[in-house]
Amino acid sequence: MDSTISKIAELILSFDASLLCGLRYATLLCILNTNLNSLLSSFSSNANVDFYATTKGGNTSDPVYGLSNCRGDVTRQLCRECVEAAVKELTSKCSREKVAVTWYDECILRYSNRSFLTTVNERPRLGLLNTQNVTDQDKFNQLVNTSMIALLTDLAREISDVSTGAKKFGTRQVNISAFQTLYNLLQCTPDLPGADCNSCLLDAINLVPWCCGGKQGGRIVFPSCNIRYELYSFYRMAATAPQPPPPDSVSGPKGKLHEHLF
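Numbering (my numbering), first residue to last: 88 to 349.
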């Protein structure tokens, strides 16, 4: 696997909560386990065709539903490598569970014995924060909220008429001083209708103060959507100029990420 694939669990300080198996469900029957292995193996071939794939395995009495979604800016090769890594992880660690989800920096992979497509899923949820503080926390928190909401407004406008399966992804750079830029990213899984995507992202944005207030970076991940902000570039840059700076600045170096479930 390409070294540029940075799994969340390699960036954090605590346990590997980016992989969640079982979620209090009972153990799979053998027939479902067979269906699951077949379903997961299908994702590796799908990932090199498109950044998003869904599939269903099994039969009426023992169905398995799956979804893979790569970050909207990654290359197809990186997408494929990320999904392949996620497939291997779920196969080795969650192959006897009815439901599982794993988040990487570049992709998400999930499956369930119940259909979840076109439905907003905000549980389980994971918060990751950059351990470095900012100098003026109140001001920075407001900057993050303002830039996130502005990006959400733009994204909502763009996806209002797109079909199911189209990318629902956006980034925004905002100059917060002559020397610093705030980088924002929002993404929903493509199966969500536009209004549900907007609602999911807004709920994630509203959790930023609780998760990551006063920190130089943070990420909220739900099964259906995720958001992230940092004071350094972490995504492939679009050919657009950053937004103009506000009067004052916020400073600080990059830091490590710490995760927690909530």
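Every residue, glycine too, gets a C-beta built ideally from N, C-alpha and C.
**beta strand (DSSP E) runs contained entirely in the region 229-308, provided each spans 3 or more residues** = As far as the region 229-308 is concerned, its whole beta strand (DSSP E) runs of at least 3 residues are 255-262, 268-275 and 305-308.
**Request:** Quick one: residues in its chain with C-beta nearer than 8 Å to the C-beta of Arg-210, no 5 flanking neighbours on either side, listed in chain order?
**Result:** Within the same chain, and ignoring the five residues on either side of Arg-210 in sequence, the residues whose Cβ sits closer than 8 Å to its Cβ are Phe-309 and Pro-310.
**Message:** Buried or exposed for Ala-140, going by 16 or more other Cβ atoms inside 10 Å?
**Reply:** With 16 or more Cβ atoms within 10 Å of its Cβ, Ala-140 is classed as buried.
**Request:** Give me the Cβ distance between Cys-157 and Cys-169, rounded to the nearest whole Å; I'm assuming they're in contact under 8 Å.
**Result:** Taking C-beta atoms under 8 Å as the contact rule, Cys-157 and Cys-169 qualify, at a distance of about 6 Å.
**Prompt:** What's the call for Gln-229, buried or exposed, on a 16-neighbour Cβ count within 10 Å?
**Reply:** Exposed, because fewer than 16 other Cβ atoms sit within 10 Å of the Cβ of Gln-229.
**Request:** In the DSSP assignment, find the alpha helix (DSSP H) that holds Arg-167 and state where it starts and stops.
**Result:** Per DSSP, Arg-167 is one residue of the alpha helix (DSSP H) stretching across 163-180.
**Prompt:** For Phe-266, which option in Leu-318, Val-295, Lys-143 and Asn-217 has the closest C-alpha, if you only look at C-alpha atoms?
**Reply:** Measuring from the Cα of Phe-266, the nearest candidate turns out to be Leu-318.
**Request:** Go ahead and label Met-235 buried or exposed: buried means 16 or more other beta carbons lie within 10 angstroms of its beta carbon, across all protein chains shown.
**Result:** Taking a 10 Å sphere around the C-beta of Met-235, we find 16 or more other C-beta atoms and assign the residue as buried.
**Request:** Compute the Euclidean distance between the alpha carbons of Asp-79 and Val-207, then round it to the nearest angstrom.
**Result:** Past the boundaries of the shown model lies residue 79; the chain is included only from 88 to 349, so the question cannot be answered.
**Message:** With DSSP as the reference, identify every bridge partner of Thr-142, one or two as the case may be.
**Reply:** Secondary-structure assignment with DSSP links Thr-142 through a beta bridge to Gly-153.
**Request:** Return the chain-ordered list of same chain residues with a C-beta closer than 8 Å to the C-beta of Thr-276, the five sequence neighbours on each side being excluded.
**Result:** Short of 8 Å from the beta carbon of Thr-276, and not among the five residues preceding or following it, lie these beta carbons of its own chain, in chain order: Tyr-139, Leu-154, Asn-156, Ile-195, Lys-255, Pro-310, Ser-311 and Cys-312.
**Proximity test, Gly-153 beta-carbon vs the ligand MG heavy atom, cut-off 8 Å** = The ligand MG is not part of the structure shown, which contains no ligands of any sort.
**Message:** Let me check understanding here. Comparing Cα to Cα, which of Tyr-316, Ala-187, Asn-200 and Thr-178 lies closest to Val-261?
**Reply:** Ranked by how close their Cα comes to the Cα of Val-261, the residues Tyr-316, Ala-187, Asn-200 and Thr-178 have Tyr-316 in first place.
**Message:** Quick check on Ser-311: does DSSP put it in helix, strand or coil?
**Reply:** If DSSP states are grouped into helix, strand and coil, Ser-311 belongs with coil.
**Request:** Starting from the Cα of Gln-274, find the closest Cα among Ile-263, Ala-291 and Arg-167 and give me that residue.
**Result:** Taking only the C-alpha atoms, the option nearest Gln-274 is Ala-291.
**Item:** Paired residues, beta bridge with Arg-197 - DSSP
**Value:** Beta bridge pairing from DSSP links Arg-197 with Leu-154 and Val-188.
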